[in-house]
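J.:
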């Protein structure tokens with residue numbers, strides 16, 4: 002070691018090139034080290050004094066934060082980079098104050114970029130990011146927006162408080178409305194909130210609504226039963242029958258009874274492909290019923306219809322419903338006006354576990370619907386109403402529309418029955434005989 006040190010001393014004394022190189026090396030090393038000091042200090046402070054929250058637009062919390070920001074004083078008074086949101090004024094508000102401005106309200110929320118404000122005395126830096134799609138590859142983005150929130154605090158509870166405050170703004174306590182989600186690319190967006198629909202307001206044939214609700218409730222409480230037997234924990238329902246008979250309304254009523262939301266999936270979505278569909282059905286919104294309306298409109302006998310505008314394939318649809326990657330705990334309702342157009346493989350057990358005909362109104366349905374509108378009147382009026390109309394010739398939507406027209410007087414509803422009778426659809430004139438559809442359905446082997 003002494004020999005090495007003596008060699009270095011000798012070189013420093015006699016070799017200027019060696020000495021200069023050593024100085025540059027040591028100096029460069031020290032400079033590089035000290036350049037890292039600020040970064041190291043920042044990382045140390047960041048770990049101890051900063052709380053970071055990352056929220057993607059596919060999560061409901063993104064909408065909570067967006068609505069919370071719109072009512073925050075920063076967005077109202079100080080922000081200069083803004084995104085516009087409009088909120089319609091509902092009828093109840095206009096009724097309460099007829100002189101109010103009924104035009105949609107204009108709200109501002111922070112636009113993409115960096116925003117600095119205070120929350121409960123803590124400094125908050127919020128970055129709203131909106132990535133742009135790669136135009137060269139023509140690929141869509143699964144995440145269109147995100148929030149990155151940095152809170153200068155050591156207390157993690159402040160992050161929980163912020164999210165709870167945002168949730169209370171977006172979902173006020175006591176609000177029992179249902180969330181309606183729609184598919185967007187490979188994720189779900191909350192489209193709107195709507196009031197629940199009482200099950201008794203959808204007048205199906207006697208006992209059917211109660212049976213469907215009990216079936217859904219039984220499924221939800223039997224997760225362990227499915228797991229113990231190695232059965233995929235998901236259930237599918239098909240409601241079929243003529244237009245206007247209450248198929249979609251029944252799904253809304255069932256969701257209301259179960260206090261669940263609805264996720265509407267349109268197979269005709271132009272951006273939908275097999276991968277997107279698989280992603281959607283494997284990541285359904287929590288506590289939601291998936292609804293596919295008019296499932297017959299995209300594929301007929303495994304062939305795409307002429308107006309199909311997406312890349313979805315029939316095999317992709319089957320795999321998304323019950324393939325290896327299909328989601329667990331999913332409740333799927335599908336509706337169709339033409340069950341005879343559906344491929345047997347699509348509605349076999351395991352994909353569709355229960356199929357129910359929602360037909361034109363029978364006499365009991367006509368009577369019960371009249372009672373819902375005019376329950377305080379003589380019961381014999383409801384009997385007269387139901388007996389004066391031909392059974393199974395009218396969709397419930399037509400009967401309901403007629404009763405709404407005459408809602409002010411039960412006598413008028415009975416005196417103008419010719420109007421409703423004119424709307425009756427005779428079985429012999431139907432474009433597709435419901436009974437023939439049902440007969441064909443019973444005759445086909447659905448175990449493929």
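Residue numbers (our numbering): 2 to 449. Positions of the beta carbon are idealized from the N, C-alpha and C atoms, including for glycine.
1) What does the alpha-carbon distance come out to for the pair residue 148 and residue 54?
2) Enumerate in chain order the residues of its own chain whose CB-to-CB distance from residue 112 is below 6 Å, with the five nearest sequence positions on each side excluded.
3) Suppose contacts are defined by Cβ-Cβ distances below 8 Å. Is residue 233 in contact with residue 357 by that definition?
4) When you compare only the Cα positions, how much space is there between residue 172 and residue 378?
5) Helix, strand or coil: which one does DSSP assign to residue 85?
6) Let me know if residue 107 comes out buried or exposed under the rule of 16 or more other beta-carbons within 10 Å of its beta-carbon.
7) As a quick exercise: from 121, 276, 351 and 322, pick the residue whose alpha carbon is nearest that of residue 293.
8) Are three or more beta carbon pairs between the region 266 to 285 and the region 358 to 367 nearer than 8 Å?
9) Going along the chain, which residues of its own chain have a beta-carbon closer than 7 Å to the beta-carbon of residue 66, five neighbours each way excluded?
10) Just curious, the beta strand (DSSP E) that residue 125 is in, first and last residue?
11) Measuring only the C-alpha atoms, how far is residue 243 from residue 338?
12) From the DSSP output, in three-state form, read off residue 361 for me.
13) Report the rounded CA-to-CA distance for residue 214 versus residue 222, giving the unit in angstroms.
14) Around the Cβ of residue 157, are there at least 16 other Cβ atoms within 10 angstroms (buried) or fewer (exposed)?
15) Which partner residues does residue 402 have in the DSSP bridge list?
16) In the structure shown, what three-state DSSP assignment does residue 145 receive?
17) Between the C-alpha atoms of residue 353 and residue 209, what's the straight-line distance to the nearest angstrom?
18) So is residue 152 buried or exposed if we call it buried at 16+ other beta carbons inside 10 Å?
19) If you count every other CB in all the chains shown that lies within 10 Å of the CB of residue 87, and 16 or more means buried, which is it?
20) Quick one: Cα of residue 428 to Cα of residue 394, how far?
21) Which class does residue 180 belong to by DSSP, given the choice of helix, strand or coil?
22) So, under 8 Å CB-CB, residue 179 and residue 263 are touching, yes? Tell me the CB distance rounded to an integer number of Å.
23) So, for residue 285: in the same chain, excluding its five sequence neighbours on each side, which residues have a beta-carbon less than 7 Å away from its beta-carbon?
24) Determine the direct distance from the alpha carbon of residue 89 to that of residue 193, and round the result to whole angstroms.
25) Using only CA atoms, which one of 257, 235 and 415 lies nearest to residue 326?
26) I need the DSSP call for residue 57, collapsed to helix, strand or coil.
27) Could you give the DSSP three-state label for residue 317: helix, strand or coil?
28) Quick check on DSSP: helix, strand or coil for residue 443?
29) CA-CA distance, residue 373 and residue 103?
30) Run through DSSP, which three-state label would residue 291 get?
31) With residue 264 as the anchor, note down where its alpha helix (DSSP H) starts and where it stops.
32) Can the beta-carbon of residue 64 be found closer than 8 Å to that of residue 225?
33) What ranges does the beta strand (DSSP E) occupy inside the region 159 to 226, keeping only unbroken runs of at least 3 residues that lie completely in it?
34) Roughly how many whole angstroms lie between the Cα atoms of residue 125 and residue 186?
T.: The answer reads as follows:
1) 8 Å
2) 82, 83 and 84
3) no
4) 40 Å
5) strand
6) exposed
7) 322
8) no
9) 56, 148 and 167
10) 123 to 130
11) 5 Å
12) coil
13) 13 Å
14) exposed
15) In DSSP, residue 402 forms no bridge with anything.
16) coil
17) 17 Å
18) buried
19) exposed
20) Confidence in residue 428 is poor, its pLDDT being 40 and thus under 50, which makes the residue's placement unreliable; the coordinate value appears in the next sentence. Distance between the alpha carbons of residue 428 and residue 394 is about 7 Å.
21) strand
22) 6 Å
23) 264, 291, 328 and 331
24) 12 Å
25) 235
26) strand
27) helix
28) Bear in mind that a pLDDT of 46 at residue 443, under 50, signals an unreliable position, so the model cannot answer this.
29) 33 Å
30) strand
31) Run containing residue 264: none in the alpha helix (DSSP H); it sits in the beta strand (DSSP E), 262 to 265.
32) no
33) 179 to 185 and 188 to 195
34) 31 Å
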